[in-house]
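Taking mature numbering (1 follows the signal peptide of the UniProt record, and there is no 0), I'd label the letters of the sequence shown as residues -20 to -1, 1 to 135.
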Amino acid sequence: MKTRSLLLAFLLALPLFAFSQVSKPKNMAVIKEIEALERQRFEAQVKKDYAFLEKAFADDLVYTHGSGVQNTKTEYIQSIKDGKSQYGNIEIDALNVRAYNDDKTAVVNGTIRITSPPQPDGSTSVARIKYVVVQIKDKKKGWQVVLWQAQKQAS
């Protein structure tokens, strides 16, 4: 009788054990690759590495700034060249990558701090941004950002 009671208790508790298991992402290699690409892209924006940005952004990119202004790939890269989009430093506070579509699509959400370049008086400003990025893997071009959506956060 005691064995039966223990077996019944175990069977009743089994679903709890199943739901409490932490699920591992399907492909950690893809997630790590996208995390690295996010860091490289932010670095390229700061260093004005236009060749990297040309590769990293898809031709049909929709780039929505925290202000609500929306750019195409060409417009956004030009805004960096013209000094309308300036980055002194970009630090990642949080980064979460989820892979979908047999690891051909990645959705990234995170929080960053963008520090402006120093002004003539030496001062800088910091903007906290929450963002969402969608990347797709093109057979020929590799991973490319097709969507950036940012939202400024209170300081």
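C-beta: ideal position from N, C-alpha, C; glycine also.
Since the model is a prediction, treat every value here as computed from it, not as a measurement.
Check: Going by beta carbon distance, what residues of the same chain come within less than 6 Å of Val114, once the five residues before and after it are set aside?
Finding: Val87, Val126 and Leu127
Check: In or out: Ala24 buried (at least 16 other Cβ within 10 Å) or exposed?
Finding: buried
Margin query: Could you tell me the alpha carbon to alpha carbon distance between Ala90 and Glu55, rounded to whole angstroms?
Written below: Contrary to the premise, residue 90 reads as Gly rather than Ala in this sequence. Looking at the two C-alpha atoms, the distance is approximately 23 Å.
Item checked: the segment 7 to 19 touching the segment 27 to 35, judged by at least three CB pairs closer than 8 Å -> no
Margin query: Taking its Cβ as the centre, do 16 or more other Cβ atoms sit within 10 Å of Tyr80, making it buried, or is it exposed?
Written below: exposed
Next item on the list: Measure the beta-carbon distance from Lys117 to Lys64 and round it to whole angstroms, keeping in mind my assumption that it falls under 8 Å.
Entry: Going by Cβ atoms, the distance from Lys117 to Lys64 rounds to 30 Å, so no, they are not a contact pair.
Check: On the three-state DSSP scale, how would you describe Lys35?
Finding: helix
Notebook entry, point to check: How about Arg108 and Asn69: do their beta carbons lie closer than 9 Å?
Noted result: no
Notebook entry, point to check: What do you reckon, are the CB atoms on Lys53 and Ala38 nearer than 9 Å?
Noted result: yes
Check: Exposed or buried, what is Arg21 when buried is set at 16 or more other beta-carbons lying within 10 Å of its beta-carbon?
Finding: buried
Check: Would you call the CB atoms of residue 136 and Val106 closer than 9 Å?
Finding: A question about residue 136 goes unanswered here, because the residues of the chain that appear run from -20 up to 135.
Note to self: If I measure Cβ to Cβ from Lys120 and keep anything under 8 Å in the same chain, skipping five residues before and after, which residues do I get?
What the structure shows: none
Notebook entry, point to check: Cβ of Lys132 within 9 Å of Cβ of Ser47?
Noted result: yes
Check: What's the C-alpha gap between Phe(-2) and Tyr67?
Finding: Confidence in Phe(-2) is poor, its pLDDT being 41 and thus under 50, which makes the residue's placement too unreliable to answer from.
Item checked: Where Glu18 falls, given that 16 or more other Cβ within 10 Å makes a residue buried -> buried
Margin query: Can you tell me where the alpha helix (DSSP H) holding Gln20 begins and where it ends?
Written below: Met8 to Lys27
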